[in-house]
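Notes to accompany the following structure.
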Amino acid sequence: MNKRISVLDLPNSYVGKSVPRPNAKRLVQGRGTYVDDIELPRMVHLAFHRSPYAHAKILSVDCDDARAIPGVVGVYTMDDLKDTITPWVGTLDHLKGIKSAEQWPLANGKVFWQGEPIVAIAATSRAIAEDAADQILVDYEELEPVTDMMTALDKDTPVIHPELGDNLCFQRGVDSGDVDAAFENAAVVVEDSFRFNRHTGVTMEPRSIICDYKPADGELTLYMSVQCPHMSKNLFAEHLGLDENKVRVICKDVGGSFGIKIHTYSDEMAAGAIALKLGRPVKFIADRLESFTTDIHARDHRVTARAAFDADGNLLAIDMDDVTGVGPYSVYPRTSGIELNQVINLTGGPYKHRNYRVDGKVVFLNKNVMCQYRGVGHPIAIAVGEHLMELGARKLKLDPVALRLQNFIPQDAYPYTSPAGAIYEMQSHHQCLDKLVEMMDYEGLRSEQKSLREQGIYRGIGFASLIEVTNPGPAFYGVGGAKIASQDGCTLRLDPTGGVTATTGVTEQGQGTETIIAQVVATSLGVPIETVRVVTGDTEAVPYGGGTWASRGAGIGGEAAFQAGKALKENILDLAAIILQAKIEDLDIIGGNVVDADGGNERLSLAELGRIAYFRGDTLPVDAQPELVVTRHYTQRDYPFVFTNAAHACLLDVDIHTGMVKLQKYWVVEDCGRVINPKLVAEQTRGGVVQGIGPALFEECLYTDEGQMINGSMADYLVPMAAEMPDIEVGHVETPTETSELGAKGVGEAGTAGAPAAVMNAINDALSPFDVVLSDMPFTPDKILRGLGKI
Amino acid sequence: MNITITVNGEPMVRSVEPRLSLVDFLRAEGLTGTHAGCEHGVCGACTLQLNGQTVRSCLTFAVQCDGQEVTTIEGANFPDLQEAFIENNALQCGFCTPGMLMTANDLLQENSSPTRDEIREAISSNYCRCTGYQSIVDAVEQVAKQRSEVA
Ligand code: FES
Ligand code: FES
């Protein structure tokens, strides 16, 4: 038999086409369903009284005045909830030595960060609950807060959780090759220290939850704005002492997430406990101040790093120290140690050096908790590595593009094991950078830069080549003991009408997950895309899965959908062969019809097949039992992760009189394996880039030495706005992963991963005539002017 | 306090607390297309039309709207703009979208052929955390062109 070419390559394949998102229609009409849009009978609303101090002992709590307010249904301190909920500890077995303290949903005698919830108030409206929260009186004994990560481990610094012995959360190092010898023999050594600012996600829809407990049947339904419904189901069941089968998570529209909505939050867990207490629905919608002080924060690293090159410009070694100050707890269940792991795995990732040393420490602070946010560790690793490459190019008097091309891992060396121990499948660094340089007209820009300089305009061009972790296998969380699924599934049902209902464990937060699943199913099965309906986000309806994080939706969820499509097709053709009295191998499905494989003559529509299967079984032979529902799962097991790669370039002007940065243009060439939907890939990339530009130029959670966050409002915490952002041109290179038949890798985080590095390098390129090198993010006008010696 | 307010052409007589904002009032009426992102006038998610003027409904009290006309996304009439948002994927999570559409509509009414920079400037009153804005600019630019061709 001739080997048929893959359906993915057929001209009528939906894979590779920019199909618009069907679910966008309801959103432009304002008919989405975000959690706060849901009203349930007898629902109460939660507000919290939160700690104004970063570190204090609670001497007494007086709730009497709050209780007396009409409309208040319940007032709870931790002591009131202890019989309903158990505490948690954010550690994972595979992060050796990581430690954290027991964390309760409400303060348990002490508070450890400003914003930590102490008392929960349930009332008939949020306004009443807030009024009552203002009436709570708490007596504190202030304790010395630990707010400087560089002195957190000093002997005379107080230990935040005395039971842990010190303020060290996690430590990891690598020492690979012979780093000392490489530096001794180097012709050129470059070095710098970096400061990566604490910032946060600022999802437009704040964290939101409704916990609906029905005492009669002991069932808890959670309406959540979340990326990982099954993980939440497991955690609420476990800590509320419920049978996991009695907890259902429903996640409809999610108003932005970016890694904010995959963690365990005290206030949400408290809402669960209070729902159990009250036996009625409890809604909690964070307000903006609560978002700023309690949504996980991210980054906050201090790094010193150096690189060694030989006289020809070959990168020999990288050596770095990284300290990161997380909050008072390692966040449950993903921990606050994964980011350091990623920094270690990724720094210098595209390059061929064999000598590599990192000493990394994660320390506890009395600031808001910190955990995985879009890009996890990548922005730090890439900024450090790519800055060192630029410094190296400068000192070696080589072009930064040429230096990168020379140092990329050779194309014939894949699969390649990095000195950090990461294994890369095939990468396309040379191809991406070549394409990028062509897209942007690099030479033209360099000559323009020269002539602009003569006019006193300081334009900079900055590059970043990078690798990104996607399609994680069980090595990410599962082996560490966290019940976070790395596999995902897709169930397909051929409906009597000939339409297909697909349910999948991956989730939609606007990336277009439902669209790409529909594209894959329609292609794999051979039906028009309009006939495929995709259902996500309801643990009662979809196969058990991990959800959408670590850029896994398309790669893992997509492959499961592809295999499910193939399996359903087989079952349909089995039945069609009986109905048509034909041989299975002579039939195919195209355009929603069973056709002759040879010639494509239409034989039977799926609607007709569905009618016979569901309603006229009497016309089929007795041993023919149609199976028109199939489920397939997929776990990526070949590597711990499937790495993608990309090349970024940023063009900007620095005004040396005002210190203002004006972005001119941005380019990305992205290799995420097989591209399912080019438009959606480009849009993920653009949104990601802007989310990386934010912390490079504006975003920072500012804390006083006392641990007070002083810019917890949208007016004070700056994010990128339209007028400041450039157009972003996106190109694709496709190196499908061989770990799956579909060949798709992830793309959600690469933009955010690379942008800080490209912006930093462009600023330093612009300032190169002044011999100024900046590496302290965000690059605000005052820092630039200070660097230039103007203030 | 009793107010009479016309929402999307439908008159309503309601008794409201003086501190109730217009966005909360509308959402309580089931008109949940208007979103609250910051509740202090910065993010633009709550943008709608009050007597044809574009306003922030989180900074407007329901009582101020006595005798006034409100148009929310549910009653908006700019199908070409909505279509262009879908076509250009000018939304991801969609939370900013109703407010963004209102602002874009306002711009196009004042300036029928805005430049890309003018579009960027105009929508800078609205946050979008997902798209990076370019696709929104594309969508608005496209509608301006389409409308001028028809005109
Ligand atoms: S909610 Fe009104 S401007 Fe943000
Ligand atoms: S589409 Fe999510 S905030 Fe704009």
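Residue numbers (this note's numbering), protein chains in the order written: chain F, 23 to 813; chain Y, -14 to 136.
A virtual CB, placed ideally from N, CA and C, is assigned to each residue, including glycine.
Item: Contacts around residue 429 of chain F, its chain only, beta-carbon distance under 7 Å, and the 5 residues preceding and following it disregarded; Value: 336, 337, 373, 374
Item: Residues that residue 236 of chain F bridges to, as DSSP identifies them; Value: F:241
Item: Same chain, Cβ closer than 8 Å to residue 77 of chain Y, five either side skipped, listed in chain order; Value: 115, 116
Item: Chain-ordered neighbours of residue 224 of chain F on chain Y, where CB pairs are closer than 7 Å; Value: 114
Item: Proximity test, Cβ basis, 7 Å: residue 42 of chain F and chain Y; Value: yes
Item: Simplified DSSP assignment, three categories, for residue 817 of chain F; Value: Outside the shown range of chain F (23 to 813) lies residue 817 of chain F, about which nothing can therefore be said.
Item: Proximity to residue 713 of chain F [Cα-Cα], best of F:747, F:696, F:456; Value: F:747
Item: Residue 105 of chain Y: contacting residues in chain F (beta-carbon distance under 8 Å); Value: 744, 745, 747
Item: Partners in chain Y for residue 573 of chain F, counting only beta-carbon separations shorter than 9 Å; Value: Within 9 Å Cβ-Cβ: nothing; residue 573 of chain F doesn't reach chain Y, min ~15 Å.
Item: contact_flag[the stretch 378 to 389 of chain F, the stretch 260 to 279 of chain F] where n(CB pairs < 8 Å) is 3 or more; Value: no
Item: Assigned exposure category for residue 23 of chain F - 16 Cβ within 10 Å defines buried; Value: With a pLDDT of only 37 at residue 23 of chain F, under the threshold of 50, the placement of this residue in the model should not be trusted, and no figure is reported.
Item: C-beta neighbour in chain F for residue 67 of chain Y, strict 7 Å; Value: yes
Item: Those residues which DSSP pairs with residue 510 of chain F across a bridge; Value: F:656
Item: Residues, ordered as in the chain, of the stretch 3 to 17 of chain Y that lie near chain F by beta-carbon distance below 9 Å; Value: 4, 5, 9, 12, 13, 15, 16, 17
Item: Own chain residues within Cβ distance below 8 Å of residue 208 of chain F, not counting five before or after; Value: 330, 331, 332, 338, 339
Item: Reference residue 150 of chain F; option with closest CA among F:611, F:123, F:66, F:527; Value: F:66
Item: Proximity test, residue 21 of chain Y beta-carbon vs ligand 1 heavy atom, cut-off 6 Å; Value: yes
Item: Near-chain F residues of the stretch 65 to 90 of chain Y (beta-carbon distance less than 7 Å), N- to C-terminal order; Value: 67, 70, 71, 72, 74, 76, 77, 78, 79, 80, 81, 82, 83, 86
Item: Status (buried if at least 16 other CB within 10 Å, exposed otherwise) for residue 144 of chain Y; Value: Residue 144 of chain Y lies beyond the stretch modelled for chain Y, which goes from -14 to 136, so this question has no answer here.
Item: Residues, ordered as in the chain, of the stretch 38 to 63 of chain Y that lie near chain F by beta-carbon distance below 9 Å; Value: 57, 58, 59, 61
Item: Exposed unless 16 or more other CB atoms sit within 10 angstroms - verdict on residue 771 of chain F; Value: buried
Item: Cβ separation of residue 702 of chain F and residue 74 of chain Y, assumed to be a contact under 8 Å, to the nearest whole Å; Value: 7 Å
Item: Range covered by the alpha helix (DSSP H) that runs through residue 682 of chain F; Value: Per DSSP, residue 682 of chain F belongs to no alpha helix (DSSP H) and is neither H nor E.
Item: Continuous beta strand (DSSP E) assignments of at least 3 residues falling wholly in the stretch 470 to 527 of chain F; Value: 480 to 492, 510 to 516, 522 to 526
Item: Residue-level contact to chain Y via CB, residue 784 of chain F, 7 Å cutoff; Value: no
Item: Cβ neighbours of residue 39 of chain F in the same chain (closer than 6 Å, five flanking residues each side left out); Value: none
Item: Residues of the stretch -13 to 2 of chain Y whose Cβ lies closer than 7 Å to any Cβ of chain F, in chain order; Value: none
Item: Candidates F:613, F:681, F:455: closest to residue 754 of chain F by CA position; Value: F:455
Item: Top-ranked residue by Cα proximity to residue 579 of chain F, from F:405, F:514, F:643; Value: F:514
Item: The stretch 114 to 129 of chain Y: positions lying closer than 8 Å to chain F by Cβ; Value: 114, 115, 116, 117, 118, 119, 120, 121, 122
Item: Heavy atom of ligand 2 within 6 Å of residue 226 of chain F beta-carbon; Value: yes
Item: Proximity test, Cβ basis, 7 Å: residue 25 of chain F and chain Y; Value: In this predicted model, residue 25 of chain F has a pLDDT of only 44, less than 50, meaning its place in the structure is not dependable enough to derive any value.
Item: Residues that residue 24 of chain Y contacts on chain F, provided the C-beta gap is smaller than 8 Å; Value: 309, 310
Item: Cβ separation of residue 387 of chain F and residue 123 of chain F, assumed to be a contact under 8 Å, to the nearest whole Å; Value: In fact, because the Cβ distance is near 13 Å, the residues do not count as touching under 8 Å.
Item: Cβ-based neighbour list, residue 700 of chain F, same chain, cut-off 6 Å, excluding 5 preceding and 5 following; Value: 40
Item: Endpoints, the alpha helix (DSSP H) within which residue -4 of chain Y is located; Value: Looking at the DSSP string, residue -4 of chain Y is not in any alpha helix (DSSP H); the run it does join, the beta strand (DSSP E), is -5 to 0.
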